[in-house]
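Report on the structure given below.
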Amino acid sequence: MNPQRVVNETRLGQTAKADLARYVAEKDRLAKESAAQVATLRKEAEAPGLSAQDRGKREDLLRRKAAQHEQLLAENARDVKAEEGRLLQYVMRRAEAVLEELGRKGGYAIIFTDPAAVGYVDKASVDLTERVARELDGRGK
854 MNPQRVVNET RLGQTAKADL ARYVAEKDRL AKESAAQVAT LRKEAEAPGL
904 SAQDRGKRED LLRRKAAQHE QLLAENARDV KAEEGRLLQY VMRRAEAVLE
954 ELGRKGGYAI IFTDPAAVGY VDKASVDLTE RVARELDGRG K
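Per this note's numbering, the sequence shown runs over residues 854 to 994.
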């Protein structure tokens, strides 16, 4: 099972991608608003005719807002990555359940998948413990 194809070629995957796109768009909107506020504060701090005291206050406000903006950008990046992972996990858990059911119905003991994919092994049908115990006991006589 190829996880990328599951995401790209299923309705569930497409819905997850659309949800992520909306989430990213909202994070981008917030970042743009914050950047605009920083730009406005920068213009105010650089305005001619300000007293040294007013300029100092505005520069201090600008520094704080710029730091908040950088923090927002970092949080947005973390949040988007976490949301992407959460949505992918949701899709893949659903796909795993389908794969497991197909494995049981098809009588597969092992389903091989590509390296980045999830597979299913019916442990009950491949558990060799009983056979190993019998063989080991038979050799001890």
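No residue lacks a Cβ here, since even glycine has one placed at the ideal position from N, Cα and C. None of the values given here were measured: they were computed from a predicted structure.
Between the region 855–864 and the region 938–946, do three or more beta carbon pairs fall short of 8 Å?
yes
With a threshold of 16 other CB atoms inside 10 Å of the CB of L915, please say whether the residue is buried or exposed.
Counting every other CB atom within 10 Å of its CB across the protein chains shown gives L915 a total of 16 or more, marking it as buried.
Whether E928 touches Y876 by CB criterion (8 Å):
no
Residue-level contact to chain D via CB, A869, 8 Å cutoff
Although the question refers to chain D, the structure presented lacks it and comprises just one protein chain.
Contact between the region 884–903 and the region 948–961 (3+ Cβ pairs under 8 Å):
The region 884–903 makes no contact with the region 948–961, as fewer than three CB pairs between them are under 8 Å.
Does any heavy atom of the ligand PLP sit closer than 7 Å to the C-beta of L941?
Here there are no bound small molecules, and the ligand PLP is not part of this structure.
So, are the CB atoms of K896 and D932 less than 8 Å apart?
no
Just to confirm, are L925 and L952 a CB contact at a threshold of 8 Å?
no
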